[in-house]
Structures are given as structure tokens and as C-alpha cells.
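Peer 1: So the sequence shown is residues 0 to 166, counted in numbering that gives the first Met the number 0.
One structure is given below, represented as C-alpha cells, and several questions about it will come after.
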Amino acid sequence: MTSPRDLDRPARPLTARPLSRGDLRLLVLSLLADQPRHGYELIQLISDMFVRVYTPSAGSIYPVLAQFEAAGWVGAVEDGGRKRYALSALGQAELEAQRDEVDAAVHRVRDSARTITKANLPPSVRDALRELKHALGLCHGRWQDDNAAAVAEALREAAAHIRAQGR
0 MTSPRDLDRP ARPLTARPLS RGDLRLLVLS LLADQPRHGY ELIQLISDMF VRVYTPSAGS
60 IYPVLAQFEA AGWVGAVEDG GRKRYALSAL GQAELEAQRD EVDAAVHRVR DSARTITKAN
120 LPPSVRDALR ELKHALGLCH GRWQDDNAAA VAEALREAAA HIRAQGR
């Protein structure tokens, strides 16, 4: 028998692999292309992509960085007792050589993060989101400026309320 409290539990816990084999390496390569980063910063960025439902372990990030360093793809500079990793010219060339794979991995990660996030929402919230999408679809390009502004403001207020609840 289902209790009322069970209705707001996530549909299923995170059990599937959030990243496909090899995607972590490609994602780290992509993130290092943006700017030099510490290993912990990479962990936090990836965790943020998954809205903290999944966080890679140091035991998965640092071996990747060590492999990149051994291959000459990154250089590590001591920075306040921590290493800051920067993509080398060789790493940049590797990134360009694997551009299609990197872009596909980033796309898979975003899709996986979205799927995991939705799966971990309480059913009542998922249902409300479905209703919202349906209501937005009914407008199908027929928005008055004042209506659009009112809806945008209501959505911003809802987002602020949700953020406040999460603290």
C-alpha cells in the first residue's frame, strides 16, 4: 500500500552509470580547454552539471589527470599546495583531434544529467512540470507582451522559492 509520503519520493534512486565509459576523460579534457583548473574544481563543476545528484570521486578524477600529465596533454603547476592543471599545446591538439567525440560526450553528459535530475524529482513535482509544459504549449506563439511578462515573473518567483527551500 502506498502512503502519502511515498508519493513525493523520487521515482528511482540514481543507480545507472551517469557517465558512459570514456566520457569522464573527454569531459575533463573539455573543461580544461576552458581554463586551468584544480582537480577539486573539476569535481565540483561536474557535480554541478548533475545538480549534485552525482559527484565524481577524487579516485576517478585524479587518475585521469595523471594520465593526461603522463601523455603531455596537461601541465601541472603547484598553486597553494594544490596542483592546477592546464591544457598544453599537445593537449589542445588532442582536443581538436577528438572534437566530435568531446562534443558528443558533453551532449551525453547533459542528457544524462537531465534524465537523472528528472528521475530524482518527487512524482508530484514531475506531474506539475508536465502540466506547466502542456500549458506553455497551448500558447504556441500566441503570447501578449503583458502575459509573457507575467508568466516569466511567476516562473522566476517559483525558481526563487525552490532555491530557498533547498538551502
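Idealized CB from N, CA, C, for every residue including glycine.
A quick note: this is a predicted structure, and the numbers were derived from the prediction, not measured.
Closest to Arg-81 by CA distance: which of Pro-35, Leu-131, Arg-51 is it?
Peer 2: Residue 81 sits at position 82 when you count from the first residue of the sequence shown. The option with the nearest alpha carbon to Arg-81 is Pro-35.
Peer 1: Can you tell me where the alpha helix (DSSP H) with Arg-24 in it begins and where it stops?
Peer 2: Translated into the one-based positions of the sequence shown, residue 24 becomes position 25. 22 to 33 is the extent of the alpha helix (DSSP H) around Arg-24.
Peer 1: Rounded to whole angstroms, what's the CA-CA distance from Ala-70 to Ala-88? Just pull it up for me.
Peer 2: In the sequence shown, counting from the first residue as 1, residue 70 sits at position 71. In the sequence shown, counting from the first residue as 1, residue 88 sits at position 89. Whole-angstrom Cα-Cα distance: 12 Å.
Peer 1: Could you check where the beta strand (DSSP E) with Tyr-84 kicks off and where it finishes?
Peer 2: As a working mapping, residue 84 is identified with position 85 in the sequence shown. Where Tyr-84 is concerned, the enclosing beta strand (DSSP E) stretches over 81 to 86.
Peer 1: Measure the beta-carbon distance from Leu-18 to Gly-38 and round it to whole angstroms, keeping in mind my assumption that it falls under 8 Å.
Peer 2: Indexing the sequence shown from 1 puts residue 18 at position 19. Indexing the sequence shown from 1 puts residue 38 at position 39. 16 Å between Cβ atoms; not a contact.
Peer 1: Using the C-alpha atoms, what's the distance from Leu-131 back to Ala-143?
Peer 2: Within the sequence shown, numbered from 1, the residue matching residue 143 stands at position 144. Within the sequence shown, numbered from 1, the residue matching residue 131 stands at position 132. The sequence shown places Gln at residue 143, rather than the Ala named in the question. Their backbone Cα atoms lie some 18 Å apart in a straight line.
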